[in-house]
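*Asks:* Encoded as structure tokens, here's the structure I'll be asking about.
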Amino acid sequence: MLHGKHILLVISGGIAAYKAQTLIRLIQKAGGTVQAILTKSAAEFVSPLTVAALSGKPALTELFDLTQETEIGHIELSRSADLIVAAPATANLLAKLAHGLADDLASTCLLATDTPIMTAPAMNVRMWEAAATRRNMATLRENGVIVVGPDEGEMACGEYGPGRMAEPEAILAAIETHFEGAPKPLAGRYVIVTSGPTREPIDPVRYISNASSGKQGTAIAEALAALGAKVSFITGPAEYANPQGCDIVRVTAAREMDAAVEKALPADVAVFCAAVADWHVANPAQTKIKKEAFEDPPPLNFAPNPDILKRISTLESGRPDLVIGFAAETGDLEARAARKFAAKGCDWLLANDVSTHHGVFGGNGTDIVFFDSNGHERWGAMTKTAVAQKLAQKVAAHFR
Ligand code: PMT
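Residues in the sequence shown are numbered consecutively from 271, following this note's numbering.
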């Protein structure tokens, strides 16, 4: 049953659009509410007025509808839903979603959301079997998009094969399964995530640190926990350090983080997102260093910190099945990250350019180059939440 669940239904243009009307009724009968968005071509197949009458809410079509933007806004529209269902989802809509294109209200809402997305593809059999569509579907599945159907059968164009939209009853069943909490792909897996900066004391009141906010580590911990993993979140003193559904271990200096990671082992996966200081002050003062005690600035001697990622990656016994590192570089990203990937011995590496003008430290977005044993790929500019979800889906795929 769908009591209390709000579905954002994206109807794109195809002959199957008429079935979306049945889907609206089925969702309502199951106790859910529906807000519909029609693409421009969907409005050629079904009338926005009929959809509005069925759903009891205006059927939305335009991205720049000022009333809508003032009252709700497309971002809020997609985020306030418990699930976004694109049915029918045309080849065009799926391609836009796979490539992150947003040029109308439907594609913008699909891109601007953390809400789970379900699609019911509907298209001609040749379009469904085209290499480009297959690539797009693989990307969408990897990004965690739920795909229902398509069914095989005779098509409106007279051809036979897969491409018909799944029946509204089957889509409703998939929606109900989604909310019933189908088995989560990382249930039973235990993951360690490090996050935030470390602080290396100079004296009791001064320290050396960096600007990591903990946003990326927190997003990763939450995305893994949402897929059912038990997460031990080991964090330095960060602004964002409270991931939902995770066990939190708070540390200060790199050597404490190393000890906490050691204590948290054994684990199936370890993700090292923390910005760990490479050195600590070898002789921190026990009392506040007094300006009057020195003619020149006081000398600081440094000693190396343990390289936690490298140590765990190269463990001879008890190594997590999957060790994932980050690389924070300022320039020459791919070449430097490739060297770091080889030197650390981890399985995957997410490299980002943290030069100040990119605003990665503390910001909401980043631009990842992902390394694994097959080489590397650019993920492109994304929010940290999207990076976390993509990574969590990859981890889940690794254990399937
Ligand atoms: O916290 P945010 O504001 O959201 O910012 C996110 C981030 C920029 C911190 C994140 O995207 C990121 O890049 N994290 C890695 C930061 C870092 O220290 O990178 P590095 O290239 O110096 O280190 C490489 C890897 O070794 C990292 O996985 C790091 O956690 C690990 N390391 C480094 C040194 C050390 N002594 N021990 C380690 O485990």
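We treat Cβ as the ideally placed atom computed from N, Cα and C, and that holds for glycine.
Keep in mind it's a predicted model, so treat the numbers as computed, not measured.
With distance defined between alpha-carbon atoms, name the residue in 408, 352, 313 and 466 nearest to residue 633.
*Replies:* Translated into the one-based positions of the sequence shown, residue 633 becomes position 363. Per the Cα distances, 466.
*Asks:* Sorted by chain position, which residues of the same chain lie with C-beta nearer than 7 Å to residue 654's C-beta, five sequence neighbours on each side aside?
*Replies:* Along the sequence shown, read from residue 1 onward, the residue named residue 654 stands at position 384. These residues qualify, in order along the chain: 485, 486, 489, 634, 635 and 636.
*Asks:* Classify residue 336 as buried or exposed, calling it buried when 16 or more other Cβ atoms lie within 10 Å of its own Cβ.
*Replies:* The residue given as residue 336 occupies position 66 in the sequence shown. Low per-residue confidence applies at residue 336: pLDDT is 46, beneath 50, and the placement is therefore not dependable enough to give any value.
*Asks:* Can you tell me whether DSSP reads residue 504 as helix, strand or coil?
*Replies:* On the sequence shown, position 234 is the one that residue 504 refers to. Reduced to three states, the DSSP call for residue 504 is strand.
*Asks:* Say the cut is 6 Å; is the CB of residue 485 nearer than that to a heavy atom of the ligand PMT?
*Replies:* Counted from its first residue, the sequence shown places residue 485 at position 215. Yes - the ligand PMT has a heavy atom lying nearer than 6 Å to the Cβ of residue 485.
*Asks:* Just to confirm, does residue 482 get its C-beta within under 6 Å of one of the non-hydrogen atoms of the ligand PMT?
*Replies:* Here residue 482 refers to the residue found at position 212 when the sequence shown is read from its first residue. Correct: residue 482 has its Cβ closer than 6 Å to the ligand PMT.
*Asks:* Indicate the three-state DSSP secondary structure (helix, strand or coil) for residue 535 in the structure shown.
*Replies:* Counting from one through the sequence shown, the residue named residue 535 turns up at place 265. Three-state DSSP puts residue 535 in coil, outside helix and strand.
*Asks:* For residue 573, which beta-bridge partners are listed by DSSP?
*Replies:* Translated into positions along the sequence shown, residue 573 becomes position 303. 550.
*Asks:* To which residues does DSSP link residue 305 through a beta bridge?
*Replies:* As a working note, residue 305 is residue 35 in the sequence shown. Per DSSP, 278.
*Asks:* Leaving aside the five residues before and after residue 327 along the sequence, list all residues of the same chain whose C-beta is less than 6 Å from its C-beta, in chain order.
*Replies:* Counting from 1 along the sequence shown, the entry for residue 327 is found at position 57. Answer for residue 327: 305, listed in chain order.
*Asks:* Starting from residue 465, follow the beta strand (DSSP E) in both directions and report where the run begins and ends.
*Replies:* Indexing the sequence shown from 1 puts residue 465 at position 195. From DSSP, the beta strand (DSSP E) with residue 465 extends over 460-465.
*Asks:* Going straight from the alpha carbon of residue 387 to that of residue 515, what length do you get?
*Replies:* In the sequence shown, the residue the question calls residue 387 occupies position 117. In the sequence shown, the residue the question calls residue 515 occupies position 245. When rounded, the distance between both Cα atoms is 22 Å.
*Asks:* Using the Cα positions of residue 418 and residue 389, report the straight-line distance between them to the nearest angstrom.
*Replies:* Here residue 418 refers to the residue found at position 148 when the sequence shown is read from its first residue. Here residue 389 refers to the residue found at position 119 when the sequence shown is read from its first residue. Distance between the alpha carbons of residue 418 and residue 389 is about 6 Å.
*Asks:* Kindly give me the distance between the Cβ atoms of residue 363 and residue 282, rounded to whole angstroms, as I take these residues to be in contact under 8 Å.
*Replies:* Locating residue 363 in the sequence shown gives position 93, counting from the first residue. Locating residue 282 in the sequence shown gives position 12, counting from the first residue. Indeed they touch by this definition, with Cβ atoms about 4 Å apart.
*Asks:* In angstroms with no decimal places, state the Cα-to-Cα distance between residue 649 and residue 456.
*Replies:* Against the sequence shown, residue 649 aligns to sequence position 379. Against the sequence shown, residue 456 aligns to sequence position 186. Spanning the two alpha carbons is a distance of roughly 23 Å.
*Asks:* Count the other C-beta atoms from every protein chain shown that fall within 10 angstroms of the C-beta of residue 475, then say buried if there are 16 or more, exposed otherwise.
*Replies:* Within the sequence shown, the letter at position 205 stands for residue 475. Burial call: exposed.
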